[in-house]
Every structure is written in C-alpha cells, then in structure tokens.
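Under this note's numbering, the first residue of the sequence shown is numbered 831, with each subsequent residue one higher. What follows is a set of notes on a single structure, which appears directly below.
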Amino acid sequence: MDVFFLILLNVILPVFLLIGLGAFLHRTFKFDMGTLSKLNTYLLLPAVGFANVYQSKMGGETLLLILNFLVLQSLILMGISAGISKMFNFERSLSSTFKNSVVLSNSGNFGLPVSQLIFQYNPLGLSIQIVVMIFQNLLTYTYGLFNSVSVQSNGFKAMKVFLKNPVLYAFLLGMLLQATSISIPEYLWTPIESISSAFLAIALITLGAQSAFLKIYRFSTPLILSLLGRLVLSPCIAFIVIMTLNLEGTTAQALLIASSFPTSRNSSLFALEYGNHPEYAAQAVLLSELCSMVTVTTVVYLAQVIFL
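In structure tokens:
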C-alpha cells in the first residue's frame, strides 16, 4: 500500500492541484478559453508529441500492437455501451451522449500530463500515450461526432476537422526523423524542448478552467452507468485485451493506464452543440475527473505491480 499512496501523492495529487488552481484562477480572472484552447492545440500538444516520439524507440511492430489493442478495446466498449443503452431503454439523444461518455476518454489534457509524470524517465511510455491520444482524436471526430449528429440527421464532416489537427503531423514528423536517425540542430531542439516542458502545467490549468463552473445536480442512473463504464469497465476490458495480445512491460502498463482516464470533454461539447442532454454530459465529465483521483491511482498501481 505504500506504493499506492506514493502514486497518489506524487502523480495524481499534483495533477489535481494544478486542475484546482486552473479552476480558481478562471473563477477569479475569467480566462479567454479560446486562446487557452488554441495554445494547447496548436503549440503545446504538437511540441510534446513531436519531442517524445522523436526521443522514443518505438518500432513498427510495437505501433501495430498498440493499434490492434486500441481497435479491439474501442469496438468492445462501443458494443457494450450500445447494449447497456438498449437494456435501460435510453432514448436516442440520451443514448448518444451515454455512449460517447463511455467510449471517449480525456487522453489529451488529462491523460498526457498524467503519463508525463508516470513515464518521465521512459519516453516509450509517453509515446504510447501520444498514439492513444491521436487514435482518440480520430475516434472522437468519427464515431463520437457521428453519434451526436445522427440523432437528428445522417452524415458528418468530421474527417476534415481531424485532418486539421497539427498533433497528427507532429507525430508523423517525429516518427520520420526518429526512424531515419536525423538529428535536430540545438537551436531548434532547445525551443521545442522548452515548449514541451510547459505543456504539463498549462494543459492541467486549462482543464481546471474548463471545469470551473460545472455543477452536479443529481446522481441519475445514466450518470452512474457512465462513471462505471468509463472508469471501471474500460480498464477491465483493457486488461483482458492486453492479456489476449500477450502485451508486456511498458507497453502493457501504458495501455492499461490510458484505458482508465476520465470522460472526454468533447462528449460534453458535442452534447451541447447538438442538444443531446448537455447537463448530463457535463456532469459525467466533471464527476469522472473527480472519481479518477481514486480509480486512476488504483490502475497505475496495478499496472506497475502486474506488468513489471
């Protein structure tokens, strides 16, 4: 149990202190959220993605295993969340938001900083989380957006949104330079490294600012099911898939930990934009973030114990 409390103290607590600071500062000074969002999306995330992929030793075989895991886990979560929504007779708009709350995780401004703390001396672990984040972005702007749009109409233009995301190109460029062993001049690497180092604090402060005015009104059945699906069911499925694919070491640790992150804020944004129970979606995001202090700590501990 000493290890469990060390993880809680040294990994999870710093994350929530920065989230709390972001919420306090936003309530006090009213940040420009559009500027913070663009700073994270177009500067910090691409820099941290490029730097860690460039420094990692992830080969093509490892990448293929990671993608196999992500596809399998996502398909199982989609099937189970769809089954639960039918079992409880959720109407279409509620079912759409529920499925997004279970399948889509906050792998960017929550997952990446947590992984950065856990794997600070292991670039491979953080590179795996970057692959997870890119996959989640693709899943968000395909499956997630289709779920939201299809309540009232068919079709979407999600791929255009995804292809505008600079993280994808930073990841590909980092892989190319790493595979070809091209060295980056010091005068370019120094600013990239400096921007990458700034990501942890700014991303979590942004997440805190986004959560500053969310409120919980009541613990409804869909809300409880969302929390169980995202924070409990997802890691359990991930463990089964990891064992099935015979994944080991850092790869197994990183993927199990990545499966435990809270609900993506995009699920809430989609619900708001398309009128699919936005209050419930926002509550699922906020509560999953709060509960993840316990659940993510537990999964990190188990990952380090099981996959040495």
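We treat Cβ as the ideally placed atom computed from N, Cα and C, and that holds for glycine.
According to the DSSP secondary-structure assignment, T1093 is paired through a beta bridge with S935. Contact between the stretch 1064-1073 and the stretch 1082-1089 is present: 3 or more CB-CB pairs across the two stretches fall below 8 angstroms. For F1001, the CB contacts under 8 angstroms within the same chain, skipping 5 residues up- and downstream, are G879, F880, V883, I960, V961, I964 in chain order. Distance from the Cα of Q903 is smallest, within the candidate group S935, L866, L1102, E921, for S935. Runs of the alpha helix (DSSP H) spanning 4 or more residues and lying entirely within the stretch 935-960 occur at 941-948, in chain order. Here I1032 has L866, L869, N870, L874 as same chain residues with Cβ atoms under 8 angstroms from its own Cβ, once five neighbours each way along the sequence are excluded.
A buried status is given to L956, since no fewer than 16 other beta-carbon atoms sit within 10 Å of its beta-carbon. Judged by their CB atoms, S1094 and V1126 are not nearer to each other than the 8 angstroms cut-off.
DSSP places T970 in no alpha helix (DSSP H); its state is neither H nor E. Between P1052 and L924, the C-beta spacing is below 8 angstroms. For M1073, the enclosing alpha helix (DSSP H) starts and ends at 1064-1074.
M888 carries a coil assignment under DSSP once its states are collapsed to helix, strand and coil. Straight-line spacing of the CA atoms in L1034 and A853 works out to 10 angstroms.
Listed in chain order, the alpha helix (DSSP H) elements of length 4 or more contained wholly in the stretch 863-930 are 863-869, 875-885, 890-917. Rounded to the nearest angstrom, the Cβ distance from S1056 to F928 is 6 angstroms, consistent with a contact under 8 angstroms.
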